[in-house]
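Participant: What follows is a structure written as structure tokens; I'll ask about it next.
Protein chains: 2
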Amino acid sequence: MSSSTTAIRRLKLLNRTLGIGSMKHRVTVIGSGNWGSAIAKIVAENAKGNPDVFHEEVKMFVSKHSGSRNLTSIINTIHENPKYLPGIALPPNLFATPSLPDAVSEASILIFNVPHQFVSNICRQINGSCLPYARAISCIKGVDVSPDGVSLFSDTIGRKLGIYCGALSGANIASEVAKEKFSETTIAYAPPEGPTEDFPKGLTPVPEELPTVDHALLKTLFHTSYFHVRVVSDVAGVSLGGALKNIVALAAGFVDGLEWGDNAKAAVMRVGLLEMRKFGKMFFGKSCKSATFTEESCGVADLITSCNGGRNHKCAMLSVRTGKSIETVEGEELNGQKLQGTITAREVNVYLKNKGLEHEFPLFTAVYRILNGETNVESLPQLIETD
Amino acid sequence: MSSSTTAIRRLKLLNRTLGIGSMKHRVTVIGSGNWGSAIAKIVAENAKGNPDVFHEEVKMFVSKHSGSRNLTSIINTIHENPKYLPGIALPPNLFATPSLPDAVSEASILIFNVPHQFVSNICRQINGSCLPYARAISCIKGVDVSPDGVSLFSDTIGRKLGIYCGALSGANIASEVAKEKFSETTIAYAPPEGPTEDFPKGLTPVPEELPTVDHALLKTLFHTSYFHVRVVSDVAGVSLGGALKNIVALAAGFVDGLEWGDNAKAAVMRVGLLEMRKFGKMFFGKSCKSATFTEESCGVADLITSCNGGRNHKCAMLSVRTGKSIETVEGEELNGQKLQGTITAREVNVYLKNKGLEHEFPLFTAVYRILNGETNVESLPQLIETD
Chain A
1 MSSSTTAIRR LKLLNRTLGI GSMKHRVTVI GSGNWGSAIA KIVAENAKGN
51 PDVFHEEVKM FVSKHSGSRN LTSIINTIHE NPKYLPGIAL PPNLFATPSL
101 PDAVSEASIL IFNVPHQFVS NICRQINGSC LPYARAISCI KGVDVSPDGV
151 SLFSDTIGRK LGIYCGALSG ANIASEVAKE KFSETTIAYA PPEGPTEDFP
201 KGLTPVPEEL PTVDHALLKT LFHTSYFHVR VVSDVAGVSL GGALKNIVAL
251 AAGFVDGLEW GDNAKAAVMR VGLLEMRKFG KMFFGKSCKS ATFTEESCGV
301 ADLITSCNGG RNHKCAMLSV RTGKSIETVE GEELNGQKLQ GTITAREVNV
351 YLKNKGLEHE FPLFTAVYRI LNGETNVESL PQLIETD
Chain B
388 MSSSTTAIRR LKLLNRTLGI GSMKHRVTVI GSGNWGSAIA KIVAENAKGN
438 PDVFHEEVKM FVSKHSGSRN LTSIINTIHE NPKYLPGIAL PPNLFATPSL
488 PDAVSEASIL IFNVPHQFVS NICRQINGSC LPYARAISCI KGVDVSPDGV
538 SLFSDTIGRK LGIYCGALSG ANIASEVAKE KFSETTIAYA PPEGPTEDFP
588 KGLTPVPEEL PTVDHALLKT LFHTSYFHVR VVSDVAGVSL GGALKNIVAL
638 AAGFVDGLEW GDNAKAAVMR VGLLEMRKFG KMFFGKSCKS ATFTEESCGV
688 ADLITSCNGG RNHKCAMLSV RTGKSIETVE GEELNGQKLQ GTITAREVNV
738 YLKNKGLEHE FPLFTAVYRI LNGETNVESL PQLIETD
């Protein structure tokens with residue numbers, strides 16, 4: 001039996017003994033894209049399966065901007081999201097709502113799963129209507145890199161709403177998770193115990209009548225037989241993996257474009273993985289753990305997936321093969337969408353340059369310079385050669 | 388400038404100042420297969436390029452059993468090994484010899500690169516003729532697993548010859564290294580400083596007139612612009628990676644056979660990597676380092692390569708796709724050669740079973756049971772699910 005199952009059983013027993021337990025967590029998913037819907041499917045199934053801890057009803061906020069006026073009522077009628085997750089049955093205890101206040105006002109656990117450009121606006125709309133003791137998990141991939149610093153979407157959400165927000169990231173493709181194909185993910189959750197810069201008075205405590213929101217409870221909410229969850233405490237590491245891997249995937253694509261073979265590609269991936277970790281440790285300090293990058297799904301596994309089949313890898317490979325610029329390939333292949341890797345590579349380079357630290361990250365810097373036409377792919381081994 | 392280059396320059400200066408330096412290392416490669424010849428090419432080039440530290444002449448032992456009676460003279464005439472590494476120019480300062488005493492009698496650095504089944508016999512033939520202060524590096528992939536224990540080829544060589552032997556392993560394919568395609572490798576070297584069980588009187592010290600055999604010197608001997616070397620101290624970890632990865636590659640092949648997608652494959656690889664490390668730490672103690680598995684070429688990079696394109700992965704995938712046993716696929720695909728992964732999976736299982744530790748290694752155990760027909764591939768996620 002897993003430790004999370006054990007914890008829940010113990011809780012049930014305790015509640016029965018003490019005659020409490022009437023308070024349960026209400027869970028809401030904010031976002032109804034393909035990843036939002038896939039995650040909503042899982043947490044709704046787990047909420048129903050653990051009635052002592054969670055209210056059966058799970059809400060899912062569907063934005064007016066989701067492109068379909070009556071998507072909410074369609075989802076609630078046919079229990080499917082035909083726009084973003086067609087062909088996948090959603091649990092009947094998942095209720096779509098077009099109203100943010102309705103979605104969040106009673107929820108003690110909020111799961112954010114919206115495109116990153118909407119985060120600020122959604123938080124502005126929520127502010128004031130969510131429970132002060134709510135806890136959140138951000139499933140938004142990546143980080144926000146500006147010339148001055150790197151900020152985590154989970155921190156942005158937490159600060160704007162005055163609640164704590166952790167993060168979920170892993171080697172996951174929404175459509176595969178929705179089809180219940182096996183994968184793993186990593187959740188990071190480590191609410192501060194005392195006052196912090198973001199929470200000068202400390203967090204509003206979760207009422208004692210509610211089950212404690214801890215690693216075991218989060219595992220109960222997210223883990224399934226086909227979606228294995230590991231919960232850690234390194235929010236920065238979990239968030240950085242999903243952004244920085246895209247730079248490495250470009251490098252792997254370049255090497256595949258040159259047909260240098262699997263060993264050269266594995267070498268570039270290894271060097272990239274260590275630069276991802278170094279970036280985390282250098283800019284997020286001791287809270288950022290080595291193991292998050294080298295041992296967890298959000299690190300090494302997500303990197304492997306992205307270097308095998310992701311769009312960054314593909315466009316970089318085609319760019320080398322055809323001799324076209326990566327922007328041209330992007331235009332031809334992605335149907336108007338933008339490559340995340342090239343954006344992140346440039347943002348990270350501006351940041352590193354600002355700090356005078358380009359030389360500490362030879363692979364990240366090489367990828368940027370290759371994208372920028374300042375060097376060629378053939379120089380990669382020489383550029384990443386170290387003492 | 389690399390630290391190894393700096394070390395060599397300092398040495399040159401010191402020798403010139405002190406008027407010494409007439410003694411240099413003589414390097415011999417034992418073995419002339421494709422990996423032996425590729426490694427011999429590299430060390431001969433580096434010996435020539437560093438004349439203050441190494442004698443220019445590098446010898447390569449060519450066994451009578453290499454299948455070609457006059458291979459030695461052919462190699463020495465055309466500077467190519469047409470049998471095992473056709474089309475690759477070997478440096479003129481590499482001299483093939485059919486005599487083991489001739490190959491080893493003057494060599495202060497011995498590089499072993501023979502098929503593992505010949506190790507004992509070769510050591511028997513060498514014993515007595517090698518220098519007592521010689522140091523060795525084993526490039527023989529893998530480890531020897533018996534029901535009673537796991538032994539390293541480097542330890543076997545060291546014990547039988549009474550000299551210290553380190554190990555080299557990484558994401559390398561001989562033919563690609565020979566063609567100077569980019570890859571990385573890991574060397575482990577950590578001679579004991581005092582008496583040990585294998586060396587009750589301690590090692591015979593290297594004469595002071597010879598350059599110290601340390602990490603910097605080994606990097607000088609093996610590192611090139613296309614073959615990047617990192618030197619560590621964890622001989623067990625470096626050796627285990629090359630063996631245990633094959634079990635994981637079978638699991639990855641099974642998952643690909645089911646077409647479960649890149650994320651499922653990455654998950655299995657991540658779980659496998661951590662079991663490789665756990666195996667090392669459990670049976671080789673503190674000398675076995677986490678980082679060797681999760682950060683070095685011999686660990687994570689070699690694993691990635693083997694799960695992408697190796698024969699273990701391929702046969703496992705075809706076995707699932709066709710419904711044929713892996714032995715049948717092996718017979719059809721490998722032209723008489725044997726899969727290393729199935730042998731290692733069985734050997735490791737016997738060893739773990741002997742120790743009552745099968746349950747501590749759910750992926751290794753699952754692979755064994757799948758091979759043995761005791762469970763099916765579809766159960767993998769459930770079998771590797773942990774707390």
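Residue numbers (the numbering used here), protein chains in the order written: chain A, 1 to 387; chain B, 388 to 774. For every residue, glycine included, the Cβ atom is placed at its ideal position computed from N, Cα and C. If you're wondering where the values come from, they're calculated on a predicted model, not measured in any experiment.
Starting from Ser460 of chain B and walking both ways along the beta strand (DSSP E), at which residues does that stretch end?
Facilitator: Ser460 of chain B -> not in any beta strand (DSSP E); alpha helix (DSSP H) instead, spanning 458-465.
Participant: Beta strand (DSSP E) containing Lys470 of chain B: first to last residue?
Facilitator: Bounds of any beta strand (DSSP E) do not take in Lys470 of chain B, whose DSSP letter is neither H nor E.
Participant: Consider the Cβ of Ser233 of chain A: report whether some Cβ of chain B lies at a distance smaller than 8 Å.
Facilitator: When Cβ-Cβ separations below 8 Å define contact, Ser233 of chain A makes no contact with chain B.
Participant: May I ask you to report which of helix, strand or coil DSSP gives Ile109 of chain A?
Facilitator: Ile109 of chain A: strand per DSSP, three-state reduction.
Participant: At a Cβ threshold of 8 Å, is Gly241 of chain A touching chain B?
Facilitator: no
Participant: Would you call the CB atoms of Cys685 of chain B and Ala636 of chain B closer than 8 Å?
Facilitator: The answer is no: Cβ separation not under 8 Å.
Participant: Under 8 Å, do Ser37 of chain A and Asn70 of chain A count as touching if we go by C-beta distance?
Facilitator: no
Participant: Counting only Cβ pairs nearer than 8 Å, list the residues of chain A close to Ser696 of chain B.
Facilitator: Inspection of the sequence shows that residue 696 of chain B is occupied by Gly rather than by Ser. Asp262, listed in chain order.
Participant: Find the residues of chain B that neighbour Thr294 of chain A, judging by a C-beta separation of less than 9 Å, and give them in chain order.
Facilitator: Under the 9 Å cutoff, chain B gives Leu660, Ser677, Ala678, Phe680, Thr681, Glu682, Val687.
Participant: Do Arg321 of chain A and Gly257 of chain A have their C-beta atoms within less than 8 Å of each other?
Facilitator: yes
Participant: Name the chain A residues that come within less than 7 Å of Ser779 of chain B, Cβ to Cβ?
Facilitator: No answer is possible for residue 779 of chain B: the residues shown for chain B start at 388 and end at 774.
Participant: Answer yes or no: does any C-beta atom of chain B fall closer than 8 Å to that of Ile30 of chain A?
Facilitator: no
Participant: In terms of residue numbering, what span does the alpha helix (DSSP H) encompassing Asn60 of chain A cover?
Facilitator: In the sequence as displayed, the identity of residue 60 of chain A is Met instead of Asn. Where Met60 of chain A is concerned, there is no enclosing alpha helix (DSSP H), although the beta strand (DSSP E) it sits in stretches over 54-61.
Participant: Taking C-beta to C-beta, are Thr573 of chain B and Glu683 of chain B nearer than 8 Å?
Facilitator: yes
Participant: Keeping to the same chain, check which residues put their C-beta closer than 6 Å to that of Pro488 of chain B; ignore five residues upstream and five downstream.
Facilitator: Ser516
Participant: Can you have a look at Pro381 of chain A and say buried or exposed, based on whether 16 or more other CB atoms are within 10 angstroms of its CB?
Facilitator: buried
Participant: By the criterion of Cβ-Cβ separation under 7 Å, what are the contact partners of Ala171 of chain A in chain B?
Facilitator: Asn650, Ala653, Ala654
Participant: Report the residue ranges of all beta strand (DSSP E) runs contained in full by the region 523-568 of chain B; include only those spanning at least 3 residues, in chain order.
Facilitator: 530-533, 536-539, 551-556, all fully within the region 523-568 of chain B.
Participant: Just to confirm, is the Cβ distance from Val336 of chain B to Leu726 of chain B under 8 Å?
Facilitator: Because chain B in this structure spans residues 388 to 774, residue 336 of chain B falls outside the shown range and cannot be described.
Participant: Have a look at Lys568 of chain B and Val377 of chain A and give me their C-alpha separation to the nearest angstrom.
Facilitator: So the two alpha carbons sit approximately 13 Å from each other.
Participant: When the Cα atoms are used, what is the spatial distance from Ala494 of chain B to His412 of chain B?
Facilitator: 7 Å
Participant: Is the region 277-297 of chain A touching the region 210-227 of chain A, taking contact as three or more C-beta pairs under 8 Å?
Facilitator: no
Participant: Between the beta-carbon of Thr28 of chain A and the beta-carbon of Val58 of chain A, is there less than 8 Å?
Facilitator: yes
Participant: Following the continuous beta strand (DSSP E) through Ser183 of chain A, name the residue where it begins and the one where it ends.
Facilitator: 183-188
Participant: Does the distance from the CB of Pro115 of chain A to the CB of Val62 of chain A come in under 8 Å?
Facilitator: The beta carbons of Pro115 of chain A and Val62 of chain A sit no closer together than 8 Å.
Participant: Hey, how far is the Cα of His466 of chain B from the Cα of Lys428 of chain B?
Facilitator: 10 Å
Participant: Shortest alpha-carbon distance to Asp302 of chain A belongs to which of A:Thr156, A:Ala316, A:Ile247?
Facilitator: A:Ile247
Participant: Just verifying my parser: in three-state terms, what is the DSSP assignment at Leu363 of chain A?
Facilitator: Leu363 of chain A: helix per DSSP, three-state reduction.
Participant: Any idea if Leu518 of chain B is buried or exposed, counting beta-carbon neighbours within 10 angstroms, 16 or more meaning buried?
Facilitator: buried
Participant: Any idea if Ala481 of chain B is buried or exposed, counting beta-carbon neighbours within 10 angstroms, 16 or more meaning buried?
Facilitator: In the sequence as displayed, the identity of residue 481 of chain B is Leu instead of Ala. So Leu481 of chain B counts as buried.
Participant: Pro594 of chain B and Phe586 of chain B: beta carbons closer than 8 Å?
Facilitator: no
Participant: Given Asn46 of chain A, which residues of its chain have a CB within under 6 Å of its CB, disregarding the five upstream and five downstream residues?
Facilitator: Leu221
Participant: Just to confirm before moving on: does the CB-CB distance between Phe254 of chain A and Leu273 of chain A stay below 8 Å?
Facilitator: no
Participant: Could you tell me the distance, in whole angstroms, from the CA atom of Leu770 of chain B to the CA atom of Ser183 of chain A?
Facilitator: 14 Å
Participant: Determine, using beta-carbon pairs with one atom in the region 538-553 of chain B and one in the region 728-747 of chain B, whether at least three such pairs fall under 8 Å.
Facilitator: In the pairwise beta carbon analysis, the region 538-553 of chain B is classified as not touching the region 728-747 of chain B: fewer than three pairs are separated by under 8 Å.
Participant: Report yes or no: is there a C-beta of chain B within less than 8 Å of the C-beta of His228 of chain A?
Facilitator: Among the CB atoms of chain B, one or more fall inside 8 Å of the CB of His228 of chain A.
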